[in-house]
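Enquirer: Next up is a structure, given as structure tokens.
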């Protein structure tokens, strides 16, 4: 299995586990993540979800799997994001190594992100002839200010975990070997607090940007689909697949 | 008196003065603060309000007083917030020691906040079975980014004045014994500038988030009342009052 | 000429060049900037605009020129801002020395800002009996948080390039003699990425705050015109012109 699901007390851990591909995400993995979240939401004994990888968080979409997808209806990635965005219980992320593309943008929908100081976050959408997704065209500027957000989104330049914490993109950066322990401690701390208050607090926080976020995600989706079929992206994908094929 | 009101030149100081209870706020104190603000607004010689405490800013709502309140119509705390949120003249806050609950969230409605590096800000709403108030479910994320805001709101973890300044929750952190002097200097500096421009600048700044803030405060109020009557909060209050009774 | 326009590869540089007046902006200079931008937008070989000054970025509006303007219809400054705000290609700014008034607020509409650590940014609107413009009443708080934004806008206090970078007002602060080189490197990096993706990414980012920005700019404009004709500003301008006349 490429996504492992384990429960320890009130914390359900969803762990990306495809190390040979740096946890590159396939449609099957997105489906497993969505199911994990739905299980966690339905189970009253689960109070917090911990989302983790291994040496790497994720290299982003698996390009071969991504390119193979038949363009019919919303993707599994889309369903996963929908589930994560409105998720009622706290989500804590533990990020080591690479967090590429959706690997960074999904963090904008987690409640607490513990990153390795040496983590390498990246949103290389423009390099692929694409555009920001997962609401990042709007959320990133709100988290780190437009001066940093536009630079990161336009250039696709890598961001260290240290920089990400300074800027407010992640909650905290710690030494690499402390990430897992710290994230688990955060998850357990949140799991011990009154669950009704946690859910209601998260609901209020989400409500404050819900409408703007939905508008942004709609605009991104329309644009992403168009850019993906466009000449810039197609040429880049062909080159990528030829090179690695 | 538990709130002292003094005027020095164009600066009116409202000082919380109930040190034996760490300036815990009673309905009477909220009323005195609202009256102080209204006096300041009406008096053309007052150009800036300085809001201060003593060794502590405030321990937040006085729980006994809070629990005793008959649930009929808006509270004095509500009236105070309404007055502060739309206040036309600059408000400077000087924060030392503890700033708990509304003691932190009211800072989101001050124009300049000078905090002690050693101050201890806290929003322990979830620990009490409650939810964020005073617009903090929306404003906090706008000030410090969602990665820090959600962690602070969900966990109720204490924030030092130093951290608060780094994150942008307060304007500046200074050594504890410099807080009062620094805050007074800021207030005097602002009081010396053209009052028409000050009022108009503040009006424009407030207008930019007015609608979103009102929506957030309405949602919070509805939720806060419901949570307060709920089982989580009632059990916590009973325990607190038994323990301290 | 007081604005020079040069193209090197895909980067068009608009350089303020009126050093004897610290690049204070006249109506003619605003017109030249607007024309430069329109040229850059129309020319498919131009992919990025670099906006630069010299030892100083700009001292802001030339007060004599500003005061001489007949109050009929939108100003050239207004047209320049309109063009910059919706500009479709990335704009990089290189800021050394003074950046006063619109010299700071226009940076809020650039995509990447490289500032000298020793730069001196200032928004002294209240000191002139005026109010924030160029959307700064709304954008500044979104970039740096309200605690810093309100202090800076109300007090007009100078901000070093170093502080500006820490707060997220500019993208990066570097030693003074590295500003030009660094800004050019950023511009070239962005110019080498797929232009369709760049334009589309910028469009999505702008869309996320377009409506709020337009509302804020409308409110500012109405207020600015009123304040400019008001007694506070007129007295300050008279004194300024007498003193320097």
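Protein chains in written order, with my numbering: chain R, 1 to 245; chain P, 246 to 490; chain F, 491 to 735. C-beta: ideal position from N, C-alpha, C; glycine also. These numbers were taken from a predicted model, which means no experiment stands behind them.
1) Please work out which residues of its chain come closer than 7 angstroms, Cβ to Cβ, to residue 45 of chain R, disregarding the five sequence neighbours upstream and downstream, and give them in chain order.
2) Helix, strand or coil for residue 303 of chain P per DSSP?
3) Of all Cβ atoms in chain R, is any one closer than 8 angstroms to the Cβ of residue 585 of chain F?
4) Of all the residues that make up the stretch 667 to 690 of chain F, which are near chain P by a beta-carbon distance shorter than 7 angstroms?
5) Start and end of the beta strand (DSSP E) containing residue 114 of chain R?
6) How should residue 90 of chain R be labelled, buried or exposed, when 16 other C-beta atoms within 10 angstroms of its C-beta is the threshold for buried?
7) Tell me, which residues are paired with residue 673 of chain F by DSSP?
8) Looking only at C-alpha atoms, which of F:575, F:572, F:518 sits nearest to residue 552 of chain F?
9) Can you list, in chain order, the residues of the stretch 109 to 136 of chain R whose Cβ is nearer than 7 angstroms to any Cβ on chain P?
10) According to DSSP, is residue 122 of chain R helix, strand or coil?
11) Going along the stretch 3 to 23 of chain R in order, which residues come within less than 9 angstroms of chain P, judged by CB to CB distance?
12) Anything in chain P within Cβ reach of residue 643 of chain F, meaning under 7 angstroms, just list it in chain order.
13) Secondary structure at residue 48 of chain R, three-state DSSP: helix, strand or coil?
14) Output, in sequence order along the chain, the residues in the stretch 464 to 480 of chain P whose CB is closer than 7 angstroms to any CB in chain R.
15) Which of the three DSSP states is assigned to residue 133 of chain R in this structure?
16) Chain P beta carbons: is any one of them nearer than 8 angstroms to that of residue 631 of chain F?
17) Which residues in the same chain as residue 281 of chain P place their Cβ atom closer than 6 angstroms to its Cβ, once the five residues preceding and following it in sequence are excluded?
18) Near residue 2 of chain R, what residues of its chain come up, given a Cβ to Cβ distance below 6 angstroms and the 5 sequence neighbours on each side ignored?
19) Straight-line CA distance for residue 333 of chain P to residue 447 of chain P?
20) DSSP state of residue 225 of chain P, grouped into three classes?
21) From residue 299 of chain P to residue 486 of chain P, what does the alpha carbon distance come to, in whole angstroms?
22) Against residue 104 of chain R, what residues of chain P qualify as contacts under a CB-to-CB distance less than 9 angstroms, listed in chain order?
23) Would you mind working out which of F:542, F:497, F:549, F:684 sits nearest residue 529 of chain F, comparing C-alpha positions?
24) Rounded to the nearest angstrom, what separates residue 167 of chain R and residue 658 of chain F at their Cα positions?
25) Mind checking which residues open and close the beta strand (DSSP E) that includes residue 734 of chain F?
26) Could you say which of R:20, R:142, R:67 lies nearest to residue 212 of chain R if we only look at CA atoms?
27) Kindly indicate which three-state DSSP category residue 528 of chain F falls into: helix, strand or coil?
28) Excluding sequence positions up to five away, which residues of its chain have a Cβ less than 7 angstroms from the Cβ of residue 646 of chain F?
29) With a cut-off of 8 angstroms, does the C-beta of residue 655 of chain F fall near any C-beta of chain P?
30) State the Cα-Cα distance for the pair residue 99 of chain R and residue 92 of chain R, rounded to the nearest angstrom.
31) Between residue 144 of chain R and residue 390 of chain P, what straight-line distance do the alpha-carbon atoms span, to the nearest angstrom?
32) Closer than 8 angstroms, CB to CB, is residue 330 of chain P near chain R or not?
33) How would you label residue 654 of chain F, buried or exposed, when you count the other beta carbons within 10 angstroms and need 16 or more for buried?
34) When you compare the CB positions of residue 67 of chain R and residue 94 of chain R, do they come within less than 8 angstroms of one another, or not?
35) Find out if the Cβ-Cβ distance for the pair residue 428 of chain P, residue 359 of chain P is shorter than 8 angstroms.
36) So, is the C-beta of residue 536 of chain F closer than 8 angstroms to a C-beta in chain R?
Expert: Checking against the coordinates, here is how it stands:
1) 10
2) strand
3) no
4) none
5) Membership of residue 114 of chain R in the beta strand (DSSP E) is indicated by the continuous run 112 to 116.
6) If you draw a 10 Å sphere on the C-beta of residue 90 of chain R, you find 16 or more other C-beta atoms in it, and that means buried.
7) DSSP lists no partner for residue 673 of chain F.
8) F:518
9) 111, 112, 113
10) strand
11) none
12) 446, 450
13) strand
14) So the close ones are 464, 465, 468, 472, 475, 477.
15) coil
16) yes
17) 250, 259
18) 17, 18, 29
19) 7 angstroms
20) Nothing about residue 225 of chain P can be read from this structure; chain P reaches only from 246 to 490.
21) 26 angstroms
22) Per Cβ cutoff of 9 angstroms: no residues; residue 104 of chain R is ~12 angstroms from chain P at best.
23) F:497
24) 8 angstroms
25) In the DSSP assignment, residue 734 of chain F falls outside any beta strand (DSSP E) and lies within the alpha helix (DSSP H) extending over 721 to 734.
26) Comparing Cα positions, the closest option is R:142.
27) helix
28) 612, 613, 614, 615, 616, 617
29) Closer than 8 angstroms: no.
30) 15 angstroms
31) Cα atoms of residue 144 of chain R and residue 390 of chain P: separation of roughly 6 angstroms, rounded to the nearest angstrom.
32) no
33) Buried, by the Cβ-count rule.
34) For residue 67 of chain R and residue 94 of chain R, no; Cβs fall outside 8 angstroms.
35) yes
36) no
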